[in-house]
Amino acid sequence: MAQLKNMTEEQALRRLAAMCSKAEHSSGEVDAKMRSWQMDDGARTRVAERLRSAGYVDDARFCRSFVHDKMEFDKWGRRKIETALYRKGVSRDIYAPVLDSISDSEYAEALRPMLEAKRRNTKARSDYELNAKLIKYALSRGYGMNIIRMCLDTDACPDTDGSDEDFF
1 MAQLKNMTEE QALRRLAAMC SKAEHSSGEV DAKMRSWQMD DGARTRVAER LRSAGYVDDA
61 RFCRSFVHDK MEFDKWGRRK IETALYRKGV SRDIYAPVLD SISDSEYAEA LRPMLEAKRR
121 NTKARSDYEL NAKLIKYALS RGYGMNIIRM CLDTDACPDT DGSDEDFF
């Protein structure tokens with residue numbers, strides 16, 4: 001581990017290029033890694049620029065793949081994704097358009113099955129308490145209150161497809 005401290009620019013460039021060729025990383029993650037190696041500001045800037053120009057680091061590409069993966073696999077809401085991107089050092093100018101391109105209905109499609117499963121497994125003394133627990137759960141997953149209310153209101157009516165088959 002002592003070898004990693006005071007690394008030269010070329011060593012850092014090789015190591016970071018290898019790291020970025022295996023998985024997407026943001027410029028903030030790369031900078032944090034160089035800081036852990038105690039590289040000075042000028043060297044960090046030069047290495048980061050070389051990685052960007054070579055195509056190893058691209059925050060827009062990272063952001064698109066990160067948002068897709070967190071929506072598709074982890075079922076995160078907008079706020080949780082936004083916070084994670086901020087922590088990874090991605091600029092709001094980059095992630096805001098990507099998150100804006102996702103409609104409320106896409107978030108609702110991801111949230112609705114999670115709420116249905118949580119409803120089946122949650123014990124509560126009243127509907128009020130159950131809804132409070134479901135809201136707390138959805139908020140912890142990063143969903144906004146408007147989407148949560150939309151999903152809870154449609155969950156209250158089991159048949160929302162508009163058909164009148166069982167009416168008579």
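Position 120 (the sequence shown) corresponds to 120 in full-length UniProt numbering; numbering is contiguous.
Ideal Cβ placement from N, Cα and C applies to all residues, glycine included.
Neighbour-count burial assignment, residue i, 16 or more Cβ in a 10 Å radius
i, result
"Tyr107", "buried"
"Gly77", "buried"
"Asp40", "exposed"
"Thr160", "Any reading at Thr160 must be qualified, since the residue scores a pLDDT of 42, below 50, and its modelled position is unreliable; the value itself is stated next. Result: exposed."
"Ser26", "buried"
"Tyr86", "exposed"
"Ser21", "exposed"
Minimum C-alpha distance to residue i - residue among the options
i, options, result
"Ser91", "Asp40, Arg141, Leu139 and Arg64", "Arg64"
"Gly89", "Gln11, Leu139, Gly28 and Ala23", "Gly28"
"residue 171", "Val67, Asp100 and Phe73", "The chain is shown only over 1 to 168; residue 171 falls outside these bounds and no answer can be derived."
"Ser36", "Pro113, Tyr56, Met7 and Tyr137", "Met7"
"Asn146", "Ala124, Ser105 and Lys123", "Ser105"
Check whether residue i and residue j have beta carbons under 9 Å apart
i, j, result
"Arg79", "Leu111", "no"
"Leu99", "Cys151", "no"
"Phe62", "Glu24", "yes"
"Leu13", "Arg50", "yes"
"Met34", "Ala54", "no"
Through-space distance from residue j to residue i, alpha-carbon basis
i, j, result
"Leu130", "Asp69", "30 Å"
"Ser126", "Leu134", "12 Å"
"Pro113", "Tyr56", "37 Å"
"Asp93", "Arg119", "37 Å"
"Asp58", "Thr122", "42 Å"
"Ala17", "Asp31", "13 Å"
"Asp153", "Ile81", "24 Å"
"Glu109", "Met19", "34 Å"
"Ala138", "Tyr128", "15 Å"
"Arg46", "Ala117", "50 Å"
"Ala148", "Ala132", "Contrary to the premise, residue 148 reads as Ile rather than Ala in this sequence. Roughly 11 Å separates the two Cα atoms."
"Pro97", "Ser103", "12 Å"
"Ala38", "Tyr95", "This sequence places Gln at residue 38; Ala is not what is there. Rounded to the nearest angstrom, the two C-alpha atoms are 29 Å apart."
"Arg60", "Ser101", "Before going on, a small fix: residue 60 reads as Ala here, not Arg. Between Ala60 and Ser101, the C-alpha separation is close to 14 Å."
"Arg52", "Arg15", "15 Å"
"Gly144", "Ala124", "23 Å"
"Gln11", "Met71", "36 Å"
"Glu9", "Lys75", "39 Å"
Handout entry: Sequence ranges, alpha helix (DSSP H) only - wholly within the stretch 12-100, length at least 4
Key = 27-36, 41-53, 59-72, 78-87 and 92-100
Handout entry: Sequence ranges, alpha helix (DSSP H) only - wholly within the UniProt domain "RecX third three-helical" (106-152), length at least 4
Key = 127-140
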